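Numbering (UniProt numbering), first residue to last: 1 to 183. Here is the structure we will look at.
Next up, the structure:
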């Protein structure tokens with residue numbers, strides 16, 4: 001089963017660039033994008049010349065050397081969004097500090113347990129398939145199956161305790177959803 005998940009929102013750079021790494025000196029960049037195209041990171045075997053490959057596909061790259069320090073400065077990180085802290089009767093998830101509190105008691109969560117709970121809490125009542133959770137939280141490079149999610153959910157439920165464990169609801173043969181007002 002495949003599931004579409006929303007892609008992250010990317011800010012478009014005024015001058016998109018592809019940096020060649022490997023046998024080229026630092027500061028040599030290839031601008032192979034044209035008006036509005038989405039950029040991709042592509043890994044090529046060492047014996048493949050990226051410029052020849054782009055030329056073979058009709059992309060005419062502009063090659064130029066850049067002096068150190070001539071790239072535009074990165075944009076500053078935005079201030080934390082007010083929704084960085086999410087509350088639900090007794091459960092508080094602070095994304096900025098990566099902290100979860102249940103009835104004022106801080107939970108000891110692993111990195112992935114935190115990400116899983118924060119994701120579920122931020123999308124209440126939404127059913128998430130195991131595959132969507134694997135790709136969205138563990139990442140596309142994860143090797144495993146949906147049982148990995150089951151194990152993490154079981155650990156989260158144990159850590160949430162008897163009063164809150166039912167907030168993570170199982171949707172049989174599909175996945176999980178977070179129900180904030182579950183009684």
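Beta carbons are placed, not taken as given, at the ideal position from N, Cα and C, and that holds for glycine. All figures in this text were calculated on a predicted structure; none of them were measured in a lab.
Check: Where does the unbroken beta strand (DSSP E) through residue 101 begin, and where does it stop?
Finding: Boundaries of the beta strand (DSSP E) around residue 101: 99-102.
Item checked: Burial state of residue 176 (16 or more Cβ within 10 Å) -> buried
Notebook entry, point to check: Which same chain residues, not among the five before or five after residue 152, have their C-beta less than 7 Å away from its C-beta?
Noted result: 112, 113, 116
Notebook entry, point to check: Is the distance from the Cβ of residue 133 to the Cβ of residue 121 below 7 Å?
Noted result: no
Note to self: Quick check on residue 161: does DSSP put it in helix, strand or coil?
What the structure shows: coil
Check: Distance, Cα to Cα, residue 89 vs residue 163?
Finding: 11 Å
Note to self: Taking the alpha-carbon of residue 161 as reference, which of 124, 58, 110, 91 has the nearest alpha-carbon?
What the structure shows: 91
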